[in-house]
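Visitor:
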Amino acid sequence: MSALNKARFITFEGIDGAGKSSHLGFVADLLEARGIGVTSTREPGGTALGEQLRTLLLHQKMHLETEALLMFASRREHLAQVIEPALARGDWVISDRFTDATFAYQGGGRHLSLAKLEQLEHWVHPDLQPDLTLLFDVPLEVARRRLDATRSLDKFEQEQEEFFAGVRGEYLRRAAQFPARFRIIDSTQSMDEVRIALAAIIATL
């Protein structure tokens, strides 16, 4: 299999307000212009069951371990129905969030034991990690200003600064732990500047 046809798994990560979701379509278009089949998806969600769980996870208060377990339950369905079949047929998969988000939000933000999350990760996808994780990083005050100017907020977006400081800190810790797959994007830049940076990264794949 040539490098061009080798299926890749790319994830987009960042705190709420970092602006990552607005760039998924751009990256998909870059890949499709190279003749690459692309499957775009998101977490929580990505499947019929996952979207139902997404509604609960984003709007229903629950015990933090319940929250983490439901995140991984949604992820297992997502892997079985969408991600693994797409990779098997040679598509490149682009996902708006994956397991790094659970470490960041439930671990860094909610302070759930990282060891417990590692056990769940090993159970749900022991042999699969993203080939590339794009971490869109912004200072907390920038993220909050953007959130305040947008739609009605879900339960995570309504959290306080201490929560988001923990989320961002865990994202940056994981980026340092796994430098081979993480690329940190300065998301305080203009959309055009971010896309120039993204295009340069994608061109190396």
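When we follow the numbering used here, the leftmost residue of the sequence shown carries the number 104, and every step to the right adds one. Backbone N, C-alpha and C define an ideal beta-carbon position, used for all residues, glycine too.
1. Taking the CB atoms as reference points, tell me whether GLN209 and LEU167 lie closer together than 8 Å.
2. Who are the near neighbours of LYS123 in its chain, counting only those whose CB is closer than 6 Å to its CB and skipping five residues on each side?
3. State the beta-bridge partners of PHE175 as determined by DSSP.
4. Report the option in PRO188, GLU244, ARG213 and ALA121 whose CA atom is closest to the CA atom of ASP199.
5. Output needed for LEU156: all residues of its chain with C-beta closer than 6 Å, excluding positions within five of it in sequence on either side, in chain order.
6. Looking at the structure shown, is ILE304 part of a helix, part of a strand, or coil, going by DSSP?
7. Would you call the region 278 to 285 and the region 213 to 229 touching, i.e. three or more CB-CB distances under 8 Å?
8. Cα separation between ASP194 and ILE299?
9. Starting from LEU336, trace the beta strand (DSSP E) in both directions and tell me its first and last residue.
10. What is the rounded straight-line gap between the Cα of LYS164 and the Cα of ARG137?
11. Are the CB atoms of ILE197 and VAL241 nearer to each other than 8 Å?
12. Taking GLY269 as the reference, which of PHE206, ALA151 and LEU182 has the closest Cα?
13. For VAL245 and PHE266, I'd like the C-alpha separation in whole angstroms.
14. Expressed to the nearest angstrom, what Euclidean distance is found between the alpha-carbon atoms of PRO229 and GLU154?
15. DSSP on ARG200, reduced to helix/strand/coil?
16. Would you kindly report the start and end of the unbroken alpha helix (DSSP H) that includes VAL185?
17. In terms of residue numbering, what span does the alpha helix (DSSP H) encompassing PHE289 cover?
Guide: Concretely, from the data shown:
1. By 1-based counting over the sequence shown, the position of residue 209 is 106. By 1-based counting over the sequence shown, the position of residue 167 is 64. Yes, these two residues count as a Cβ contact at 8 Å.
2. Along the sequence shown, one-based indexing puts residue 123 at 20. Excluding sequence neighbours, LYS123 sits near PHE115, GLY117 and PHE239.
3. As a working note, residue 175 is residue 72 in the sequence shown. Looking at the DSSP assignment, PHE175 forms no beta bridge with any residue, so it has no partner.
4. Taking the first residue of the sequence shown as position 1, residue 199 is located at position 96. ASP199 has its Cα closest to that of ALA121, out of PRO188, GLU244, ARG213 and ALA121.
5. Position 53 of the sequence shown, counted from the first residue, corresponds to residue 156. Cβ neighbours of LEU156 beyond the five flanking positions: PRO147, LEU173 and SER177.
6. Here residue 304 corresponds to residue number 201 of the sequence shown, with the count starting at 1. If DSSP states are grouped into helix, strand and coil, ILE304 belongs with the helices.
7. no
8. Along the sequence shown, read from residue 1 onward, the residue named residue 194 stands at position 91. Along the sequence shown, read from residue 1 onward, the residue named residue 299 stands at position 196. Taking the straight line joining both Cα atoms gives about 24 Å.
9. In the structure displayed, the chain extends from 104 to 308; residue 336 sits before or after that span and is not available.
10. Translated into the one-based positions of the sequence shown, residue 164 becomes position 61. Translated into the one-based positions of the sequence shown, residue 137 becomes position 34. Answer to the nearest angstrom: the Cα atoms are 44 Å apart.
11. Against the sequence shown, residue 197 aligns to sequence position 94. Against the sequence shown, residue 241 aligns to sequence position 138. No, the Cβ-Cβ distance between ILE197 and VAL241 is not below 8 Å.
12. The residue labelled residue 269 in the question sits at position 166 within the sequence shown. The shortest C-alpha separation from GLY269 is found at PHE206.
13. One-based indexing of the sequence shown puts residue 245 at position 142. One-based indexing of the sequence shown puts residue 266 at position 163. Those two C-alpha atoms are separated by around 15 Å.
14. Sequence index remark: in the sequence shown, residue 229 carries index 126 (1-based). Sequence index remark: in the sequence shown, residue 154 carries index 51 (1-based). Each residue's Cα considered, the two are about 24 Å apart.
15. For the purposes of this step, residue 200 is identified with residue 97 of the sequence shown, where counting begins at 1. Note: ARG200 maps to coil in three-state DSSP.
16. Looking up residue 185 in the sequence shown gives position 82. Premise fails: VAL185 is in no alpha helix (DSSP H) and is neither H nor E.
17. Sequence index remark: in the sequence shown, residue 289 carries index 186 (1-based). The identity of residue 289 in the sequence shown is Asp, whereas the question assumes Phe. Where ASP289 is concerned, there is no enclosing alpha helix (DSSP H), although the beta strand (DSSP E) it sits in stretches over 285 to 289.
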